[in-house]
Amino acid sequence: MNRLPIAEVLPALRAHLAAHSAVVLQAPPGAGKTTGVPPALLDAPWLAGRRVLMLEPRRLAARAAAAYMARGYGEAVGDTVGYRVRFDSKVSARTRIEVVTEGILTRRLQSDPALEGVGLVIFDEFHERHLETDLALALVRDAQRLLRPDLKILVMSATLDGEGIARLLDAPLVISEGRMFPVQTHYAAREPEGPLAASAVSAVRAALSAHEGDVLVFLPGGGEIRRAQALLADLAPQADVLPLYGDLGWEQQDRALRPGPRRKVVLATPIAETSLTIEGVRIVVDAGYTRVPQFDPATGLTRLATVRVARASADQRAGRAGRLGPGVCYRLWTESVHRGLLAQPLPEIKTADLAGLALDLALWGTEAEALTWLDPPPRAALAQARDLLRDLGALDAANRITPVGREMAALPLHPRLAHLIRCGEARGAGAAACDIAALLSERDLYTGAERQTVDIAARLDALVGFRRSGRAGAQALGADPDACARVDRAARQWRRLLKASTLDAPAVEAGVLLAAAYPDRVAAQRRPNDTHYLLANGRGARLPSYDVHLRAPYLVAANVDAGEAEGVIHLAASVGLADIRDILAARVETVDVVRWDDQSAAVVTRREERLGKLLLRSGASAEVPAERVRAAMLEGVRRLGVAALPWTDEARGWRARVLSMRAWFPEEEWPDVTDAALGATLEHWLAPHLDGYTRRDQLAKLDLLAILQLRLSPAQSQRLREGAPPHLAVPSGSRLPLAYRPGEPPVLAVKLQEMFGCTDTPRVGFGRIPVVLHLLSPARRPIQVTQDLRGFWERTYPEVRKELKGRYPKHPWPDDPLTAPATARTVRKRRV
DNA sequence: CTCTCCCT
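Okay, here's the thing in structure tokens:
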């Protein structure tokens, strides 16, 4: 057996572990750390016969590592070396090395925080920085500090971030060399343009003619892989082009992994970066992108974004060409772009939905701030997670776990889905609830071109078909049998955790239970038969174009990509309005809406039922308090403007007089009755008169003058009549109207003949303001404007008289206007 | 541009 590179550092590792409570081992892939380290530590005196627990991020890797080590002992798995993963375990009382996956470790810590019987916890592949790895490290560290000072931690990481974690844990860092063949890396001369698939395909053609061996191409997703596959169809006789991504069934994945009769071009997602190893690869073509989920705490939705690969991931991909011998890697980006890439991918904890983590932290009972994190959970996402958990009843107002929360934590799935199962159980439909939850948490039953609807109901039918008639039953309904098997297995696991009595249940509409789990994603169709919806959280989302079936007025969009301007619905179920109102009764708000409607120029009153941003129902309102109607009517007047009130000439005159007094006697308290001031004080002076008013046309009934006059006290009204009289008596005996304009002296239009004998200009404002006389001809044409009547008689009248005497011979034009009798009479030609 | 990968 070859001596592994890791062997050289084992003595140092043993020495450090004996002296420290935590050690970091940095070793690249191929060093043999996963299977080399645990057996080498088993006889350490500090372990004192206790177990080594090793965390692996994948089930496949956990089982494989256990099997490899067991062979080294010449034993069966489950003797000295065992494993425990979901759905499967091989451990016994003799087991000293137990390989576990992430969910298993978290749950063991929750039920046994002191990790009885365990002397060492190893975190393998720590650089992958899965959410649960970070959580598990924080919890183990906390347990070590509070309960188990003798417990030791070994963090094993493949890449350069070993120093950061060593500093965090105050741990010595041990570095091992890897054992890899050299890989020659080529960068693009300039950044490629156009579709990724096309650039990747040209690189593949060039590489195939320049080198020996199979090609592994990294593309971000299934869409790009299918496009590249179509572009490479002409390679058919010489080479096999094989897709490889998670949605494919086992058979197809297996074809890509096995050595074949011809050269292979494998088109893969990052699944081939760590999870799967392909035989025979000497050439890697890396398009340089990857898809990552980005959780948005504001909407509670996740967006799948296509981003540049990190340098560490690109190195990992290149390394795939150097497993057999020297290899070559083509990177479809320039060296200068490469220098700008992130060194490591963002750890999951920074971008993920933290609902599960928040529930685990609440169950653990230590504040997040008091734990040790390489990257602490972001505040906004943690706050959103706690809001959701309080909503679901898992946390109390102080964010402490409730009995309901404990029950939810006991179900191994997302808190929303745990809630869904509890709701199903309460309705006697536990089995159906398990199926629905499984469809949402496992890979989709429909893949690629088979995906013709987002409807969960169709998937439930396919699941029934699978259970009744096996793989053929699933395939008959267009579903992937492997995916059906996974969903079925998950559903059965949860059913075992439920009370048997709730399992033989009447059918329950999927939409009903989904509404309970995703109240914020209940969605209403924008228009009849539309593909666009509004979610209760206020976000818009659309059905994908391939779905031509689901056109329900209401959906629960359980799986929605946040998208850019609009979300895209990937899984949904229709739900009836009555069911929404029933299951979400506590969240449906009933509001009596009383508001002014500009369109109809009237107050409208409606009773509305709302779920978040959705309007569920709108109908006639019951009795609405009069003051709310009055307030809405007032708002209407405000919007129409004071000018829309029924102003009469008299009312306008009154207003001008009040404003004149206000201008002339600023020391007195005259109210401001301009449009602006009246508009700003409607509540005060108009509101009391609007009882029973609901429409604009009713305003005509208002006696505006009478209402305005109430703004003056009786004494003020009296003073107004005296100081700014509406009419003025002139020498002829006529009472003539005065025209007031705020800020100016009022105007008296009067025929010249009516003023004979009068020498002093009439005054208002208690003698303070001489009026402006508009002296008129007998035909009421303006002759002169003056505030100096005496001056007029003396200087202007003789001229005027000369000019007009001939034109109006039948009117008096006396030589001395000061002694002539004033008269309003015109000619006497119209006798009756 | 029809959703990456992984896990209880």
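One gets our numbering by counting positions in the first sequence from 1 and adding 14 to each. Quick reminder that beta carbons are idealized off the backbone N, C-alpha and C, glycines included.
### Message
Helix, strand or coil for residue 593? Go by DSSP, reduced to three states.
### Response
Walking along the first sequence from the start, residue 593 turns up at place 579. The answer is helix: DSSP assigns residue 593 an H, G or I state.
### Task
Would you kindly check if the distance between the Cβ of residue 752 and the Cβ of residue 661 is under 9 Å?
Locating residue 661 in the first sequence gives position 647, where the first residue counts as 1. Locating residue 752 in the first sequence gives position 738, where the first residue counts as 1. The answer is no: Cβ separation not under 9 Å.
### Message
If I measure Cβ to Cβ from residue 285 and keep anything under 7 Å in the same chain, skipping five residues before and after, which residues do I get?
### Response
The count along the first sequence starts at 1 and reaches residue 285 at position 271. Leaving aside the five residues that flank residue 285 on each side, the residues in its chain whose CB is nearer than 7 Å to its CB run, in chain order, 258, 259 and 260.
### Task
Just the C-alpha distance for residue 464 and residue 236, rounded to the nearest angstrom, thanks.
On the first sequence, residue 464 is found 450 positions in, with the first residue counted as 1. On the first sequence, residue 236 is found 222 positions in, with the first residue counted as 1. For residue 464 and residue 236, the gap between their C-alpha atoms comes out near 13 Å.
### Message
Which of the three DSSP states is assigned to residue 352 in this structure?
### Response
Here residue 352 is taken as the residue at index 338 of the first sequence, counted from 1. Residue 352: helix per DSSP, three-state reduction.
### Query
Exposed or buried, which one is residue 706 when buried takes at least 16 other CB atoms within 10 Å?
Counting from one through the first sequence, the residue named residue 706 turns up at place 692. Counting C-beta atoms within 10 angstroms of its own C-beta, residue 706 has fewer than 16 neighbours from the protein chains shown and is therefore classed as exposed.
### Task
Give every residue of the same chain whose Cβ lies closer than 8 Å to the Cβ of residue 15, excluding the five residues on either side of it in the sequence, and list them in chain order.
Translated into the one-based positions of the first sequence, residue 15 becomes position 1. For residue 15, the pLDDT reaches just 44, beneath the cut-off of 50, and the residue's location in the model is therefore unreliable, although a value from the coordinates is still provided. No residues qualify anywhere along the chain.
### Query
Just how far apart, CA to CA, sit residue 426 and residue 250?
Along the first sequence, read from residue 1 onward, the residue named residue 426 stands at position 412. Along the first sequence, read from residue 1 onward, the residue named residue 250 stands at position 236. Near 46 Å, if we compare the C-alpha coordinates of residue 250 and residue 426.
### Query
Taking C-beta to C-beta, are residue 722 and residue 668 nearer than 9 Å?
Numbered from 1 along the first sequence, position 708 holds the residue referred to as residue 722. Numbered from 1 along the first sequence, position 654 holds the residue referred to as residue 668. Inclusion of residue 722 and residue 668 in the CB contact set at 9 Å is warranted, their separation being smaller than that value.
### Query
Buried or exposed: residue 811, going by 16 or more other Cβ atoms within 10 Å of its Cβ?
What you label residue 811 is simply residue 797 of the first sequence in a count that begins at 1. Burial call: buried.
### Message
Under 8 Å: do the segment 320-336 and the segment 285-294 share three or more Cβ pairs, one atom per stretch?
### Response
By the Cβ test, the segment 320-336 is in contact with the segment 285-294, since at least three Cβ pairs between them sit closer than 8 Å.
### Query
So, helix, strand or coil for residue 841, using DSSP?
Walking along the first sequence from the start, residue 841 turns up at place 827. In this prediction, residue 841 has a pLDDT of 49, which is less than 50 and means its spatial position is unreliable; what the coordinates show is noted afterwards. Residue 841: coil per DSSP, three-state reduction.
### Task
Could you tell me whether the segment 522-534 touches the segment 493-511, using the rule of 3 or more Cβ pairs below 8 Å?
Here the segment 522-534 does not lie against the segment 493-511, with fewer than 3 beta-carbon pairs under 8 Å apart.
#### Entry: Identity of the residue in 176, 353, 554 and 542 nearest residue 582 by Cα
In the first sequence, the residue the question calls residue 582 occupies position 568. Among 176, 353, 554 and 542, the Cα nearest to that of residue 582 is on 554.
### Task
Just grab the DSSP bridge partners of residue 303 for me.
Position 289 of the first sequence holds residue 303. In the DSSP output, where bridge partners are listed per residue, residue 303 has 322.
#### Entry: Under the three-state DSSP convention, the category residue 92 falls into
As a working mapping, residue 92 is identified with position 78 in the first sequence. It is coil, neither helix nor strand.
### Task
Tell me residue 132's beta-bridge partners as DSSP assigns them.
Looking up residue 132 in the first sequence gives position 118. Bridge partners of residue 132: 65.
### Task
Would you mind working out which of 631, 616 and 677 sits nearest residue 648, comparing C-alpha positions?
Residue numbering aside, residue 648 sits at position 634 when the first sequence is read from its first letter. Nearest to residue 648 by C-alpha distance, out of 631, 616 and 677, is 616.
### Task
Can you tell me which of 727, 799 and 827 puts its alpha carbon nearest to the alpha carbon of residue 771?
Numbered from 1 along the first sequence, position 757 holds the residue referred to as residue 771. Distance check between residue 771 and each of 727, 799 and 827 places 827 closest, using alpha-carbon atoms only.
### Query
According to DSSP, is residue 708 helix, strand or coil?
By one-based count along the first sequence, residue 708 stands at place 694. Under the three-state reduction of DSSP, residue 708 is assigned to coil, being neither helix nor strand.
### Classification of residue 844 by the beta-carbon crowding that lies within 10 angstroms, buried from 16 upward
Looking up residue 844 in the first sequence gives position 830. At residue 844 the pLDDT is 36, less than 50, meaning the model places this residue with poor confidence; the figure from the coordinates comes in the next sentence. Exposed, since its Cβ has fewer than 16 Cβ neighbours within 10 Å.
### Query
Near residue 409, what residues of its chain come up, given a Cβ to Cβ distance below 7 Å and the 5 sequence neighbours on each side ignored?
Stepping through the first sequence from its first residue, residue 409 is reached at position 395. Here the set comprises 376, 400, 403, 415, 416 and 419.
### Query
Since residue 632 sits in a beta bridge, which residues does DSSP pair it with?
Mapped onto the first sequence, residue 632 falls at position 618. Per DSSP, 622.
### Message
Just to confirm before moving on: does the CB-CB distance between residue 321 and residue 303 stay below 9 Å?
### Response
Walking along the first sequence from the start, residue 321 turns up at place 307. Walking along the first sequence from the start, residue 303 turns up at place 289. Yes.
### Task
Go through the segment 39-64 residue by residue and report every complete run of the alpha helix (DSSP H) that reaches 4 residues or more, in order.
Segments of the alpha helix (DSSP H) lying fully in the segment 39-64: 47-55.
### Query
Fully enclosed by the segment 264-290, which alpha helix (DSSP H) runs are 4 residues long or longer?
Listed in chain order, they are 264-271 and 285-288.
### Message
So the candidates are 136, 160, 118 and 141; which of them puts its Cα closest to the Cα of residue 128?
### Response
Here the question's residue 128 lines up with position 114 in the first sequence. Of the listed residues, the one whose Cα sits closest to residue 128 is 160.
### Message
Let me make sure I understand the geometry here. Which of 544, 568, 541 and 543 has the alpha-carbon closest to that of residue 550?
### Response
Start at 1 with the first residue of the first sequence, and residue 550 comes out as number 536. Of the candidates 544, 568, 541 and 543, the one whose C-alpha sits nearest the C-alpha of residue 550 is 568.
#### Entry: Sequence ranges, alpha helix (DSSP H) only - wholly within the segment 131-205, length at least 4
Qualifying alpha helix (DSSP H) stretches, in chain order: 145-160 and 176-183.
#### Entry: Outcome for residue 805 when other beta-carbon atoms lying within 10 angstroms are tallied against a minimum of 16
For the purposes of this step, residue 805 is taken as residue 791 along the first sequence, with counting starting at 1. Classification of residue 805: exposed, given that the 10 Å Cβ count is below 16.
### Task
Provide the residue(s) that pair with residue 554 in DSSP beta bridges, ordered along the chain.
Along the first sequence, read from residue 1 onward, the residue named residue 554 stands at position 540. Residue pairing of residue 554 in beta bridges, as defined by DSSP: 548.
### Query
Is there contact here, the segment 770-786 with the segment 746-761, by at least three beta-carbon pairs under 8 Å?
For the pair of segments examined, the segment 770-786 was found to touch the segment 746-761: the number of CB pairs separated by less than 8 Å reaches three.
### Query
Residues in its own chain within less than 6 Å of residue 318 by CB, not counting five upstream and five downstream?
Within the first sequence, numbered from 1, the residue matching residue 318 stands at position 304. Excluding residues up to 5 positions away in sequence, 305, 307 and 575 lie with their Cβ nearer than 6 Å to the Cβ of residue 318 in the same chain.
### Task
Report, in whole angstroms, the separation of the C-beta atoms of residue 83 and residue 111, which I expect to be a contact under 8 Å.
The residue labelled residue 83 in the question sits at position 69 within the first sequence. The residue labelled residue 111 in the question sits at position 97 within the first sequence. About 6 Å separates the two Cβ atoms, so the contact holds.
### Endpoints, the beta strand (DSSP E) within which residue 580 is located
Here the question's residue 580 lines up with position 566 in the first sequence. Residue 580 -> no beta strand (DSSP E), and no H or E assigned at all.
### Message
Pull the bridge partners of residue 800 from the DSSP assignment, please.
### Response
Start at 1 with the first residue of the first sequence, and residue 800 comes out as number 786. As DSSP reads the structure, residue 800 sits in a beta bridge with 787.
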